[in-house]
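Participant: What follows is a structure written as structure tokens; I'll ask about it next.
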Amino acid sequence: PSAMREVFLETPKVYFSDIGGQEHVKAKLREAVEWPLLHPEAFKRLGVNPPRGVLLYGPPGCSKTLIAKALATEGGLNFIAVKGPEVFNKYVGESERAIREVFRKARAAAPSIVFLDEIDALAPARGSDESSGPTGDRVLMSLLTEMDGIEELNGVVVLAATNRPDVIDPALMRPGRLDRILYVSPPDFEARKHIFRVNFAKMAVNGDVDVDELAALTDGCSGAECASICQDAALTAMNEDMNTPNVRREHFVEAAKSVRRRITPEVILEY
Ligand code: ATP
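Just so it is clear: in the sequence shown, position 157 is 203 by the working numbering, and no numbers are missing.
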């Protein structure tokens, strides 16, 4: 029985050009993650301390995972992904073992990115409602120990993601840990157009479909919701006629009008 099941080493095939918007985040991550890993001597020479870790926060479905994967793809970095809730295991010691294993793998696979998704589940503030008492504290401590153990410029960078930056233990954000914090916003009009175009590249779309119209109809939607509109539209078209050559405007418009928006004002809080 092993906690290592949760540890995936992968080489993602996601590119920054697949991601609509987020230009600021992409640029900052290049500088903070790609440059130090690919040009450590320049950082040494000029006396710049690269960050050990970056926290991405923002509402669900807005490309935090996609961005982390694209960074790995474009930098030629190995990608080790874990989800907080999967590592947070009730068996005594299992979670700590899993965390050690993640970092061991990351060092062995350097240059690499450790992606800690839903880190709020792994590192809730001590004493908070979300904290799980002594178990939670031990898991947090082992995460801090591993992060502190990453030597400067040894080729491992931690990227963490959360929808709830407010519940994360502040100790994680100290210098030398997750010391860069980037907000990943919901897609704006232009970004939504880009997201629709990326999705259209994977499906047969009728000439009457207008990305401007769809982007306008999806104000307030996440990227994940734009992607699911495309899926829903295609399923509606199939329901009408399994032999349909493509998906038409009416299918997209209907799907866009009936999509449920998960992003509420409370979750767009920018820190
Ligand atoms: P969560 O907080 O729920 O884990 P997330 O912010 O990590 O979400 P992703 O998993 O990166 O979001 O995005 C989910 C899906 O939504 C992606 O696989 C992609 O299909 C689509 N998507 C979201 N944002 C974008 C975007 N900016 N450009 C293209 N596709 C997007």
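Beta carbons: idealized from backbone N, C-alpha and C, even for Gly. Note that the structure is a prediction, hence the values are computed from the model and not measured.
Counting beta carbon pairs with one atom in the stretch 185-199 and one in the stretch 164-172, are three or more of them shorter than 8 angstroms?
Facilitator: yes
Participant: Please identify the residue among G266, V138, E259 and R210 whose C-alpha is closest to the C-alpha of P180.
Facilitator: V138
Participant: What number of angstroms, rounded off, separates the C-alpha of L83 from the C-alpha of G201?
Facilitator: 6 angstroms
Participant: Any chance the CB of I309 is under 8 angstroms from a heavy atom of the ligand ATP?
Facilitator: no
Participant: So does T111 have its beta carbon nearer than 8 angstroms to some heavy atom of the ligand ATP?
Facilitator: yes
Participant: In the DSSP assignment, the beta strand (DSSP E) including G99 goes from what residue to what residue?
Facilitator: G99 to Y103
Participant: In the DSSP assignment, what are the bridge partners of N124?
Facilitator: S158
Participant: So A262 and A279 are in contact, right, with Cβ under 8 angstroms, and what is the actual spacing, rounded?
Facilitator: Not a contact, Cβ separation roughly 16 angstroms.
Participant: Taking the alpha-carbon of I159 as reference, which of P131, E132, S141 and G122 has the nearest alpha-carbon?
Facilitator: G122
Participant: Report the three-state DSSP secondary structure of T290 (helix, strand or coil).
Facilitator: Residue state, collapsed to three classes: coil.
Participant: In this structure, how does DSSP classify R238 when only helix, strand and coil are distinguished?
Facilitator: Annotated three-state conformation of R238 is helix, per DSSP.
Participant: Is DSSP giving L92 helix, strand or coil here?
Facilitator: helix
Participant: Measuring straight from C-alpha to C-alpha, what distance separates F161 and R243?
Facilitator: 27 angstroms
Participant: At which residue ranges does the stretch 185-248 contain complete alpha helix (DSSP H) runs of 4 or more residues, listed in the order of the chain?
Facilitator: If only uninterrupted alpha helix (DSSP H) runs of at least 4 residues are considered, those enclosed by the stretch 185-248 are 235-246.
Participant: Use the C-beta contact count for L112: other C-beta atoms within 10 angstroms, 16 or more gives buried, fewer gives exposed.
Facilitator: Buried: at least 16 other Cβ atoms inside 10 Å.
Participant: How about the stretch 66-79 and the stretch 222-237: do they share at least three Cβ pairs that are nearer than 8 angstroms?
Facilitator: yes
Participant: Near G182, what residues of its chain come up, given a Cβ to Cβ distance below 7 angstroms and the 5 sequence neighbours on each side ignored?
Facilitator: P170
Participant: Taking the Cβ atom as the reference point for each residue, do G107 and S304 lie within a distance shorter than 9 angstroms?
Facilitator: no
Participant: CA-CA distance, T290 and A283?
Facilitator: 7 angstroms
Participant: Can you round the beta-carbon distance between R99 and L224 to whole angstroms, since I take them to be within the 8 angstroms contact cut?
Facilitator: Here the sequence assigns Gly to residue 99, which means Arg is not the residue at that position. Right, the Cβ-Cβ distance comes to about 4 angstroms (below 8 angstroms), so this counts as a contact.
Participant: Determine the closest residue to R306 out of I275, K90 and T191, with distance taken between C-alpha atoms.
Facilitator: I275
Participant: Between which two residues does the alpha helix (DSSP H) holding P82 run?
Facilitator: Residues W81 to L84.
Participant: Between I241 and C272, what straight-line distance do the alpha-carbon atoms span, to the nearest angstrom?
Facilitator: 7 angstroms
Participant: Going along the chain, which residues of its own chain have a beta-carbon closer than 8 angstroms to the beta-carbon of T310, five neighbours each way excluded?
Facilitator: None.
Participant: Tell whether a beta-carbon distance below 9 angstroms holds between P157 and N124.
Facilitator: Yes; because the gap between Cβ atoms is below 9 angstroms, this pair is in contact.
Participant: Which residues mark the beginning and the end of the alpha helix (DSSP H) in which E300 is found?
Facilitator: R295 to S304
Participant: Using the Cβ count rule (16 or more neighbours within 10 Å means buried), how would you classify P211?
Facilitator: Flag for P211 reads buried.
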